[in-house]
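Heads up: the structure comes next, in structure tokens.
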Amino acid sequence: MSSDVHGTPSSSRIAQLVALAFFIQLLDSTIIATSLPHMALDFGVDAVAMSIGITTFLLAMALVIPASGWLAERWGSKRVLIFSVSLFTLASLVCGVSGGLESFIPARMAQGAAAGLMAPVGRLLVLRHAPKSELMRAIATITWPALFAPVIGPVLGGWITETVGWQWNFYINLPLGLLSALLFWKIVPQDRPGEGRRFDGRGFVLCGLSMVLVLGGLEALVGGFTALPVLLMLPAGLGLAVLTVLHLRRAPVPLLDLSVCGVTSFRMATITAGMFGRITINATPFLLPLLCQVGFGLTAVEAGQLLLVYFLGNLVMKSVTTPLLRHFGFRQVLVVNGLGSALCVGALGFVDPTASVLSLYPMLFTAGATRSLHFTALNTFAFADIPPEARTTSTTLAAMAQQFAMLLGVALPVLLIRLVTLTGGAGREAAFPFQIAFAGMSLLGVLSALAFTGLAQDAGREVTARHDVRADKGKTPGRA
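Numbering (this note's numbering), first residue to last: 8 to 487.
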């Protein structure tokens, strides 16, 4: 393993570079959605078939993530990041020049594999270079792409497609990717590759297959596929996930050391209560445009304006997130702001469509602001008490959990909408199924916030610097 580089002047710049790489990857994964009909026309296939471009990206990403930590240990974080950004950039070029699915699908798979390395290894690099006193600001920096890309991606993708063609949704990655790779090479200190623990091949196969089957099954539910083999993917994946956990607990040198789940802050922010909150966070950018256009009959431009206000709330909150966390601490923010964020999500589903659009701006702004604060708090709290030897596994597991939360943030609302429609909701107002979906996601957010009431008042105090050093003696914070 490479030695840690704590407190170096470059720690903030490293976080900014990782944020740039994250933004490129996350923007690409959301910008393509509005381009699919135009791409289908050029490729000579139907629009439904083009959804494979999204599915293959997600599945390739899911397959690679479990091995990312081992690769970073074996080859060094800097090398892996430069390689992944370069591969992503090259694959973007191939996507843009593709004339059919036969070249587009392999290129999207390469993009997904590169993205599967970027997320956990980039976060690992930040954790290694940021001391505890700077961790909150560093995590806040690398969190903003996950907040903004899903909001602006579809709007930007639609504008680019209509203005200069869908190819430029991929070509914009070229200068950004090249710049990112160059800056990583110039700025990030060279870490020494470790001797490398033995690669757990069985663990990799089990982790990768279970991730692919579960995420593929969720994608199938969202897409409405009813073929029996497709429907069996989700239960098969869940069963394989159980076998994966058993293997990782018994293996002498496991691919992922699950003992990190014994760290309370990590477990709550990533796997249990935090997962519910992340699902709510990811559901809102998906549901809001649907409610505006399908439920209320607004035009795409009008819906885009509302999304921009929501985005502005996210953006403005970023400047005060760190001071708020330092002043109030993780527990108060995760409980109070979590409840506020969840209630805002529920309220969005029941806005009056006949009211002036301007009257919706305060609610949308508040919803965006509370979402931003909650997401940053969750991501920072997850790593507040992680010891250095557990960073590799924790960043890998966090990346895996992020994939589940992103897909569940779409799959659960879709299932609620379909359930309401099948049980008679279709005969009511067009907005009704979406309102139920918003209410369901709001309930998940409330449950998440209430679960954090069990935290100690000073949870994560080393990161927020809200503690008395004398009170720390003899304590091991954050462990169950």
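Note that beta-carbon positions come from the ideal geometry of N, C-alpha and C, so glycine has one too.
Spatial distance of residue i from residue j (CA atoms)
| i | j | result |
| --- | --- | --- |
| Val470 | Ala406 | 21 Å |
| Arg115 | Thr63 | 7 Å |
| Thr233 | Leu222 | 16 Å |
| Phe293 | Gly76 | 30 Å |
| Leu297 | Thr399 | 38 Å |
| Val25 | Phe459 | 29 Å |
| Ile38 | Gly311 | 14 Å |
| Ser19 | Ile194 | 11 Å |
| Ser84 | Thr428 | 48 Å |
| Arg486 | Asp392 | At Arg486 the pLDDT is 43, less than 50, meaning the model places this residue with poor confidence and gives no usable figure here. |
| Val229 | Gln197 | 43 Å |
| Glu396 | Val327 | 31 Å |
| Arg468 | Val323 | 25 Å |
| Tyr178 | Leu97 | 10 Å |
| Met240 | Thr41 | 27 Å |
| Leu247 | Gly107 | 34 Å |
| Val104 | Gly461 | 53 Å |
| Ser10 | Leu183 | In this predicted model, Ser10 has a pLDDT of only 40, less than 50, meaning its place in the structure is not dependable enough to derive any value. |
| Leu265 | Leu131 | 17 Å |
| Glu512 | Leu295 | Residue 512 lies beyond the stretch modelled for the chain, which goes from 8 to 487, so this question has no answer here. |
| Ala438 | Ala389 | 36 Å |
| Ser455 | Phe50 | 44 Å |
| Met57 | Val71 | 23 Å |
| Leu142 | Gln464 | 19 Å |
| Phe303 | Glu436 | 9 Å |
| Ser140 | Thr387 | 12 Å |
Residue span of the alpha helix (DSSP H) that contains residue i, given as start and end
| i | result |
| --- | --- |
| Cys351 | 345 to 355 |
| Arg81 | 59 to 82 |
| Cys268 | Careful: Cys268 lies outside any alpha helix (DSSP H) and carries neither H nor E. |
| Val421 | 398 to 429 |
| Glu436 | Here Glu436 belongs to no alpha helix (DSSP H), and DSSP marks it neither H nor E. |
| Leu462 | Looking at the DSSP string, Leu462 is not in any alpha helix (DSSP H), and its letter there is neither H nor E. |
| Ser42 | Looking at the DSSP string, Ser42 is not in any alpha helix (DSSP H), and its letter there is neither H nor E. |
| Ala248 | 240 to 257 |
| Ala362 | Premise fails: Ala362 is in no alpha helix (DSSP H) and is neither H nor E. |
Nearest to residue i (by Cα), restricted to the options the options
| i | options | result |
| --- | --- | --- |
| Asn180 | Thr402, Ser36, Gly269, Ser455 | Ser36 |
| Arg209 | Arg257, Ala243, Pro236, Gly224 | Arg257 |
| Val133 | Ala79, Gln339, Pro182 | Ala79 |
| Ala153 | Leu385, Leu355, Phe191, Gln464 | Leu385 |
| Gly215 | Ala74, Gly320, Ile159 | Ala74 |
| Phe445 | Arg81, Leu319, Ile288, Met218 | Ile288 |
| Ala376 | Phe95, Thr402, Asn344 | Asn344 |
| Arg425 | Val162, Pro440, Ala466, Leu186 | Pro440 |
Q. What runs of the alpha helix (DSSP H), each 4 residues or longer, lie entirely inside the stretch 280 to 327?
A. Runs of the alpha helix (DSSP H) spanning 4 or more residues and lying entirely within the stretch 280 to 327 occur at 280 to 297, 307 to 325, in chain order.
Q) Between the stretch 327 to 334 and the stretch 378 to 393, do at least 3 Cβ pairs fall closer than 8 Å? A) yes
(Q) Quick check: the stretch 88 to 100 against the stretch 21 to 40, are at least 3 beta-carbon pairs closer than 8 Å? (A) Here the stretch 21 to 40 lies against the stretch 88 to 100, with 3 or more beta-carbon pairs under 8 Å apart.
Q.
Check whether the stretch 165 to 184 and the stretch 29 to 48 touch, using three or more Cβ-Cβ pairs below 8 Å as the test.
A. Taking 8 Å as the limit for Cβ pairs, the verdict is that the stretch 29 to 48 does touch the stretch 165 to 184.
Q: Give, in chain order, every unbroken run of the alpha helix (DSSP H) that is at least 4 residues long and sits entirely within the stretch 170 to 226.
A: 175 to 178, 180 to 194
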